[in-house]
Amino acid sequence: MLSSNNQFSALKNKQVLLTGGCGFIGSEITKQLSKAGAKITIIDNLSSGKERHIRGLKGITLLKGDLSDTNLVKKAVKNQEYIIHLAALPFIPDSYHYPMEFFEVNVNATINLALAAIKEKKVKRFVHISSSEIYGSSRYSPMDENHPTTPHSTYAVSKLAGERVVYTLHKEHELPVVIIRPFNSFGPNITQPYIIPEIIGQILKGRKELTLGNIHSKRDLTFVSDTARGIILPLITDGVIGETINVGSERAVAIKDLVKIISELMSKDVQIKIDASRFRPYDVDSLICDYGRANRLLGWKPEVSIADGLKMTIKWMVNNKIELTSFKGWTSSYRKDHNDKT
Ligand SMILES: NC(=O)c1ccc[n+]([C@@H]2O[C@H](COP(=O)([O-])OP(=O)(O)OC[C@H]3O[C@@H](n4cnc5c(N)ncnc54)[C@H](O)[C@@H]3O)[C@@H](O)[C@H]2O)c1
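If you're matching positions, the sequence shown starts at 39 in this note's numbering and goes up one per residue.
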């Protein structure tokens, strides 16, 4: 994995609070910050994050608990200079089943953290992690930060609400906010059954015919070490407070082509079987990032190729015998559950 930790030497001995630091992107950020010698406090309720993702890393205090716990958050924020807020419910299909919970975590708990951060006068940066999903399907490509926002899932709506809340708190209370909108990330320590571990997982199970949904949708793929670097850089970069910045690679791959690349890397010959029940009710056709602003303001660009990143992801899944939750259906159970109760 490429690493650019020397560029984070300014964070040596600095206090950094990271929410969701045991998760997929969070654990890579923890690793990069730890190598830079930062003093890291993590709040994580371990709902999807794993302690083993940060095991052995130096300079870490893990507060196991929920972001909605006001006292815990107050304690965690005390004396922090830098905050990175990643904790969220991130898996879109889950939001069809639990839309209220997505707003509880992605919006209300975010407000809880931001209000505590406003009171802690030492905070120099509050880097809030949004998502490219807030854009909805592309009206033009690549998509810059001025692209209209028409979210296609309650997850995406909750992420849009979350970033608007922190931006408004920045304007009202001078919270030093930077909003990062990552596009699809992949790599070791993935916690959710996103499309890449799904494809690798089906091949590892020995399937010759992969069962997939919409194979024509295109996603912009960024290796997790690059995403993490794009999230840490705003902590140490001047002139970025109040900015919203895309972090994505502009390398869009259709799911059917992804299957071809992965199966070739794994030396397996596979076919695709379309399962209509896997189609998302309101899918996003294409997300392709214009990372010009990240490049101008942060000096960021992707460093890891898709093939190299996929090789590291496959190796991690094979070595750790990773099996993510198998597919349970995209369609919402909310209506049924709701009707049952009333
Ligand atoms: N992975 C991607 O491709 C991607 C793309 C765009 C945006 N994002 C955003 O990046 C962030 C991290 O996503 P990820 O893919 O690493 O997911 P993840 O599920 O691995 O990480 C989320 C972390 O937050 C923790 N968490 C969840 N709810 C919590 C709560 N109430 N209190 C405390 N901790 C809680 C989880 O245990 C986990 O460690 C999210 O905000 C997500 O919306 C991810």
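Cβ atoms here follow ideal geometry from the backbone N, Cα and C, with glycine treated the same way.
- Among the bridge pairs identified by DSSP, PHE224 is matched with PHE261.
- Using a cutoff of 8 Å, the CB of ASP321 does not count as near ligand 1, since none of the ligand's heavy atoms is closer than that.
- With respect to the 9 Å criterion, GLY75 and GLY94 are not classified as neighbours on the basis of their beta carbons.
- Straight-line spacing of the CA atoms in GLY225 and VAL161 works out to 30 Å.
- In terms of CA proximity to ARG334, VAL278 leads the group ARG316, VAL278, PRO128.
- In this structure, ASP295 is the residue among GLY337, LYS339, LEU336, ASP295 with its C-alpha nearest to the C-alpha of ALA345.
- For ARG163, the enclosing beta strand (DSSP E) begins and ends at 163-167.
- In this structure, the alpha-carbon of ILE228 lies about 34 Å from that of LYS159.
- Judged by DSSP secondary structure, LEU335 falls within the alpha helix (DSSP H) whose first and last residues are 330-336.
- Fully contained in the stretch 159-205 are the following beta strand (DSSP E) runs of length 3 or more, in chain order: 163-167.
- Put simply, of LEU56, ILE122, LYS246 the residue whose alpha carbon is nearest the alpha carbon of SER305 is LYS246.
- Contact check for CYS327 and SER175: beta-carbon distance about 14 Å, past the 8 Å limit, so the pair fails to qualify.
- Put simply, of GLU288, ARG331, ILE310 the residue whose alpha carbon is nearest the alpha carbon of ILE237 is ILE310.
- Proximity to LEU273 across ILE81, ASN117, HIS166, ALA194 peaks at HIS166, based on C-alpha coordinates.
- Residues HIS123, GLY200, VAL203, VAL204 of the same chain have their beta carbon placed closer than 7 Å to that of THR148, with the five preceding and five following residues left out of the count.
- Sorting VAL297, PRO220, GLU210, VAL111 by C-alpha distance to the C-alpha of GLY251 places VAL297 at the top.
- Between ALA266 and the set VAL342, ALA154, HIS208, the nearest pair of CA atoms involves VAL342.
- In the DSSP assignment, HIS123 forms a beta bridge with THR57, HIS166.
- In this structure VAL356 is exposed. Its beta-carbon is surrounded by fewer than 16 other beta-carbon atoms within 10 angstroms.
- Put simply, the backbone Cα of ILE81 is about 5 Å away from that of THR57.
- Under the three-state reduction of DSSP output, ASN284 falls in the strand class.
- Taking 8 Å as the upper bound for CB-CB distance, ALA194 and ILE217 are not in contact here, some 15 Å apart.
- Counting the other CB atoms within 10 Å of its CB gives MET181 a total of 16 or more, which places it among the buried residues.
- Straight-line measurement puts the Cα of ASP258 at about 4 Å from the Cα of ALA290.
- Here the alpha carbons of VAL215 and ARG163 stand approximately 6 Å from one another.
- For ILE98, the enclosing beta strand (DSSP E) begins and ends at 98-102.
- One thing to note: TYR329 has its Cβ no nearer than 9 Å to the Cβ of GLU281.
- With distances taken between CA atoms, SER191 lies nearest to PHE129 out of PHE129, SER223, SER65, ARG177.
- Shown here, LEU250 sits in a strand according to DSSP, grouped into three states.
- Its chain contains PHE140, SER191, THR192, TYR193 as the residues whose beta carbon lies nearer than 6 Å to that of SER133, once the 5 sequence neighbours on both sides are disregarded; these appear in chain order.
- For ALA345, the uninterrupted alpha helix (DSSP H) run begins and ends at 344-357, by DSSP.
- Note: ALA292 is bridge-paired with LYS256 in the DSSP secondary-structure output.
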